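Undergrad: Below are the structure tokens for one structure; questions will follow.
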Amino acid sequence: MRDNKPLELEAVNYVCSRLAKINLKYSNPNYDENGGDLIVINEISHDTFKSLNIQVKGRDISTNNSNVKIHKSYVRDNFVCFLYLRNGEEFNDYLYCFFDIDVSAWEEKKEFYYLNIPQNSIQAGVFLKYEFNRVKADKIRSILESQIERHHADIKEWNLTLIDNTIM
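Quick note on my numbering: the sequence shown kicks off at 2 and runs consecutively.
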């Protein structure tokens, strides 16, 4: 079985470079949480922000068909999936961007959405309308702007009673 980790890292690094190019701030957590390999952050003030969960998939289609699987619970209005395709040793980069509405149109199997990736998908232009470009970048900004504001620290009032130095 082939180790996909180098390709996945290449894909994440490439997506990070594209996000930086369009001046979006992002975080790369050590682990995937709720489908977020990357989290795009738009800080409103020192304690308020808006965010997007970015799932990044890297696939090599030089010798075989491939597929992508996304858990249905990840796909919400703040979810974006980037697909980075490599065609063997070819030097070109192929990056595609899918929004929640796109992913939810994929094939459904139990708790997952599946995207089939034919080996000739680059040459056949199968994903051309999903190619990451200025229009997709603007849509990411628009989705980010429409998100509900979240707070870095929710401050709650606690009703604590101190009895004999013990909090009840």
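Heads up, the beta-carbon is just placed ideally off N, CA and C, and yes, glycines get one too.
Here the structure is a predicted model, which means the values were calculated and not measured.
At what residues does the beta strand (DSSP E) containing Q56 begin and finish?
TA: In this chain, the beta strand (DSSP E) harbouring Q56 covers 49–61.
Undergrad: Could you give the C-beta distance for F133 and C98, rounded to a whole number, given that I count them as a contact under 8 Å?
TA: 4 Å
Undergrad: Let's test the definition: count the other Cβ atoms within 10 Å of the Cβ of R77 and tell me whether it reaches 16, buried, or not, exposed.
TA: exposed
Undergrad: In whole angstroms, what separates the C-alpha of V81 from that of D48?
TA: 24 Å
Undergrad: Counting only runs of 3+ residues fully inside the stretch 97–146, write out the beta strand (DSSP E) ranges in chain order.
TA: Within the stretch 97–146, the complete beta strand (DSSP E) runs of at least 3 residues are 108–110, 113–118.
Undergrad: By DSSP, does V69 sit in helix, in strand, or in coil?
TA: strand
Undergrad: Which one of L10, G59, I40 has the shortest CA to CA distance from S52?
TA: I40
Undergrad: Could you check if A21 is buried or exposed, using at least 16 other CB atoms within 10 Å of its CB as the buried criterion?
TA: exposed
Undergrad: According to DSSP, I42 sits in a beta bridge with which residue or residues?
TA: Bridge partners of I42: K26, S52.
Undergrad: Counting beta carbon pairs with one atom in the stretch 115–135 and one in the stretch 56–69, are three or more of them shorter than 8 Å?
TA: yes
Undergrad: Mapping the DSSP letters down to three states, classify V76 as helix, strand or coil.
TA: coil
Undergrad: Express the C-alpha separation of S122 and R60 in angstroms, rounding to a whole number.
TA: Spanning the alpha carbons of R60 and S122 requires a straight line of approximately 12 Å.
Undergrad: Can you give the Cα-Cα distance for I141 and E90, rounded to whole angstroms?
TA: 30 Å
Undergrad: Using DSSP bridges, identify the partner residues of C82.
TA: Paired residues: Q56, F99.
Undergrad: What whole-angstrom Cβ distance do I45 and K26 have, given they're in contact under 8 Å?
TA: So it is not a contact: roughly 12 Å between Cβ atoms.
Undergrad: Closest to L145 by CA distance: which of N14, G126, N24, V104 is it?
TA: N24
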